[in-house]
Each structure stands twice: as structure tokens, then as C-alpha cells.
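Residue numbers (my numbering): 797 to 913.
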């Protein structure tokens with residue numbers, strides 16, 4: 797179980813590695829990349845854990861996405877579903893790419909409200 801203090805520590809660690817990368821003059825675009833990826837993953841993990849436990853309040857959009865995920869857990873990419881008379885489309889997007897940036901290592905997912913379009 798994580799706490800808000802753990803989240804702040806993880807964010808500070810991520811900021812430290814991002815600053816190290818920004819201030820590096822070695823002409824190596826991959827320097828500190830594994831540490832930065834690890835820190836980003838930890839911040840995502842802690843944030844999701846705190847949101848699922850209720851320590852961080854979900855936004856209205858996140859609450860709707862949670863309801864959609866529960867109602868349609870196996871929705872495919874670009875699949876259109878109807879929840880309470882509103883149509884939503886499942887979308888996937890890359891959260892993290894490989895070092896070569898040719899393949900995706902972590903995918904994110906969201907729901908797009910088709911009424912807003």
C-alpha cells in the first residue's frame with residue numbers, strides 16, 4: 797500500500813533523473829533513459845494505486861472511464877459502445893516506446909466521448 801508521501805518521493809526521483817538528462821552534455825541521447833523509464837513507471841504505479849484505494853480523488857472523466865472499463869472490459873481498439881445513452885470509443889496510445897522508438901513497450905488506454913466530436 798502506497799501513501800501520498802511515496803508519490804512525492806517518486807516524483808522527486810523522476811524530476812532528479814529528468815534534470816540529470818537535461819543537464820547532460822555528453823551527446824548521448826540514451827543517457828539515464830533506463831532510470832527515467834523506471835521512475836516514470838513507478839510514478840504511474842503509485843498514482844494508480846492511490847486512485848484505486850481512494851486516497852486520490854478521481855476526476856469525472858476518470859470515473860466515467862472506470863465505469864466503462866467495468867462494463868466493457870474486453871473492448872477492442874476503436875470499438876464503439878453505449879453507456880447511459882452516450883457513445884464512447886475505445887482508444888489505445890503509446891505510453892512508452894523502446895530505445896529505438898520503433899516499438900511500443902507500454903500502451904495506455906482511454907475512452908473518447910463521441911458526442912464531443
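For every residue, glycine included, the Cβ atom is placed at its ideal position computed from N, Cα and C.
Fewer than three Cβ pairs drawn from the stretch 863-880 and the stretch 826-836 lie within less than 8 Å of each other, which leaves the two stretches out of contact. For the set 829, 801, 896, 907, the Cα lying nearest the Cα of residue 856 is the one of 907. Three or more pairs of CB atoms, one per stretch, sit closer than 8 Å, so the stretch 801-813 contacts the stretch 840-856.
Unbroken beta strand (DSSP E) runs of no fewer than 3 residues, entirely contained in the stretch 811-890, are found at 876-879, following chain order.
According to DSSP, residue pairing for residue 902 in a beta bridge involves 892. Distances from the alpha-carbon of residue 883 to those of 893, 911, 859 put 911 closest.
One alpha carbon belongs to residue 890, the other to residue 818, and they sit about 23 Å apart.
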